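Reviewing the structure listed below.
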Amino acid sequence: MPSDAPIFFRPPGGWVGDVIPYFWDDRFWLFYLHETRSGVVDAGTSWHLACTRDFVDFDYRGEVLPHGGPQEQDLHAYTGSVIEHEGTHHLFYTGYNPAVRDPATGVPLQAVMHAVSDDLLTWTKLPEDTFHAPADRYDPADWRDPFVFRAPGADEFTMLLAARTTTGPRRRRGCVARAVSGDLSTWTVTEPFSAPSRFITHECPDVFELDGRWYLLYSEFSERFATRYRVADAPDGPWRTPADDGIDARGFYAAKTAGDGGRRFAFGWIPTRQGVRDAGAWEWAGDLAVHEITARDDGSLAAAMPGAVRASFGTGLKTPEPRPLNGSWSVGADAVECAAPESLATLWAADLPVRCLVTTTVSFTPGTRECGLVLRGSDDCDEGYFLRLEPPRHRMVFDRWPRADQGPHQWQLAGDVPHAVELERPAALEPGIPHQLEVLIDDSAYVAYLDGEIAMSGRMYDRRTGGLGFFVGDGSARFTDIAVHVRTEGEDG
11 MPSDAPIFFR PPGGWVGDVI PYFWDDRFWL FYLHETRSGV VDAGTSWHLA
61 CTRDFVDFDY RGEVLPHGGP QEQDLHAYTG SVIEHEGTHH LFYTGYNPAV
111 RDPATGVPLQ AVMHAVSDDL LTWTKLPEDT FHAPADRYDP ADWRDPFVFR
161 APGADEFTML LAARTTTGPR RRRGCVARAV SGDLSTWTVT EPFSAPSRFI
211 THECPDVFEL DGRWYLLYSE FSERFATRYR VADAPDGPWR TPADDGIDAR
261 GFYAAKTAGD GGRRFAFGWI PTRQGVRDAG AWEWAGDLAV HEITARDDGS
311 LAAAMPGAVR ASFGTGLKTP EPRPLNGSWS VGADAVECAA PESLATLWAA
361 DLPVRCLVTT TVSFTPGTRE CGLVLRGSDD CDEGYFLRLE PPRHRMVFDR
411 WPRADQGPHQ WQLAGDVPHA VELERPAALE PGIPHQLEVL IDDSAYVAYL
461 DGEIAMSGRM YDRRTGGLGF FVGDGSARFT DIAVHVRTEG EDG
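Okay, so the sequence shown: first residue is 11 according to the numbering used here, each after it adds one.
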């Protein structure tokens, strides 16, 4: 694997939207919504496909489910699911066309649509199976993302849908609707699967079993643009909310899962930012990101780097000895340690590769306010990106400096912004215990992992070069096992 090969999959000439993962024939078939950003309004959205066995090498197959024409319901073929039954693969998807409107209300209709295949590559659409939301209960403009499964021992299939009820406060009508079928062609809408009256909608619903518990996964954009989950002892609930109900933060959206019979993985996308700059608004679609999902003893979910991805990197590069910039640092052959009470920094005297894996283990003393990594730091470590552990606040955050273009006044430097507020993850940060940090960097995209359990993804646009640094604020910390890895020719993976 050459060192300049992308780490996160992105198709040629496009971006990855919602992923519909499916495990079959000893590989993951990653159907996804293909975004071209052509600038043509309502040019149509189709499903494309990439296959992988290890999340390192991807076989891009191109378009497999074409979208419909300008007057057809599926001008945009949006998110859904794939299931096998009696030797046939069934694909359910959302059909949307702003020109196809509800005659009663005038709103554009969303519909559930059906296609079948023998080989997962050539699909036959079944327009006679199309159905819309029952208007007496659900908003016809929100009837999407069908997820079909059959619970153990059940005679019928269950379909979950991102829907909105017709009554209640507008911000709280989102629910997971339910329909049932015995033949995968005719569906009966029943009572909602989950209706907490909390969010605008529950996009991309997904249900799976892991270590004896059941999980309901969905993405919402009311309070957070994030993927959340709930836990239950049975496939139909009742659903409990864990203390940390997130898989990642704002930089990882629309996650859906698939398993290989032993392991489970969450597939989402790292959104790009408007104007290709750090201050730009988050956009729809980007690069594929994959987390391995495991269940803790209390039922909460942990997210880690897939083992095959980690194994695809070579041994650590030979790096220059870190040079202290300020404060009291001890630099040894196998550790970098700061034992002074003020904010301090030290910096590698070399640029980070554009694509790499950064790893280190950090431990800190009681009372330490902050510590972490500088990524793509300036020579004086004053500017760059900062992956910061904040033990008193029990969180990991992502920060940058400068945070904004400074205005004409001295105080206009965004000093009242504590960090990139949409990029924070709760974390149990205990002093005296080694904590492992792993950061995958692929040009502008990154994913940071803490202790193999907590993931946070995002973008680094404004600085494409710079060194690796370490910092401590109001305390002391020790960094060991410091390494920068790249993929090289001849490495397994």
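Even glycine gets a Cβ: it sits at the ideal position worked out from N, Cα and C. Just so it is clear, the structure is predicted and the values come from calculations on it, not from any experiment.
Secondary structure in the stretch 38-119: no alpha helix (DSSP H) run of 4 residues or longer lies completely within the stretch.
Distance check between THR200 and each of VAL190, LEU194, ARG208 places VAL190 closest, using alpha-carbon atoms only. The C-alpha of LEU399 lies about 5 Å from the C-alpha of CYS381.
Annotation for GLY269: the continuous beta strand (DSSP E) segment containing it runs 263-269.
Here GLU302 is buried, its C-beta having at least 16 other C-beta atoms within 10 Å.
In this structure HIS44 is buried. Its beta-carbon is surrounded by 16 or more other beta-carbon atoms within 10 angstroms. Secondary structure in the stretch 308-332: the beta strand (DSSP E) runs of 3 residues or longer, each lying completely within the stretch, are 311-314 in chain order.
A Cβ-Cβ contact shorter than 8 Å links ILE451 with LEU362. Here ALA268 is buried, its C-beta having at least 16 other C-beta atoms within 10 Å. Within 10 angstroms of the beta-carbon of PRO156 lie 16 or more other beta-carbons, which makes it buried.
In the DSSP secondary-structure assignment, ARG174 is bridged to GLY184. Where PHE489 is concerned, the enclosing beta strand (DSSP E) starts and stops at 487-495. Judged by DSSP secondary structure, ALA458 falls within the beta strand (DSSP E) whose first and last residues are 455-460.
Under DSSP, LEU298 shares a beta bridge with TRP279. The DSSP assignment places complete beta strand (DSSP E) segments of no fewer than 3 residues inside the stretch 368-444 at 380-387, 394-400, 405-411, 434-436, in order along the chain. Contact between the stretch 126-136 and the stretch 158-176 is not established, with fewer than three Cβ pairs separated by less than 8 Å. For GLU219, the uninterrupted beta strand (DSSP E) run begins and ends at 213-220, by DSSP. For ALA236, the enclosing beta strand (DSSP E) covers residues 235-242.
If you look at MET466, you'll find it in the beta strand (DSSP E) that goes 464-469. Put simply, of ALA360, GLU230, PRO16 the residue whose alpha carbon is nearest the alpha carbon of VAL66 is PRO16. Around the beta-carbon of ILE30, 16 or more other beta-carbon atoms lie within 10 Å, marking it buried. Around the beta carbon of ILE257, a 10 Å sphere encloses 16 or more other beta carbons of the protein chains shown; the residue is thus reported as buried.
The three-state reading of DSSP puts GLU138 in helix, counting H, G and I together. In the DSSP assignment, SER338 falls outside any beta strand (DSSP E) and carries neither an H nor an E. When C-alpha distances from GLU434 are compared across PHE408, GLY72, PRO113, the shortest belongs to PHE408.
Comparing alpha carbon positions, the residue from THR115, PHE102, SER467, SER127 closest to ALA121 is PHE102.
GLY485 sits away from ARG405, with the two beta carbons spaced by 8 Å or more. VAL126 sits in a strand when the DSSP states are folded into three classes. Only residues of its own chain outside the window of five on either side were considered, and among them TYR42, LEU43, THR89, CYS214, ALA264 have a CB closer than 7 Å to the CB of ASP28, listed in chain order. The three-state reading of DSSP puts VAL199 in strand, counting E and B together.
With contacts defined as CB atoms closer than 8 Å, ALA276 and ALA313 qualify as a contacting pair. For ILE30, the uninterrupted beta strand (DSSP E) segment begins and ends at 25-34.
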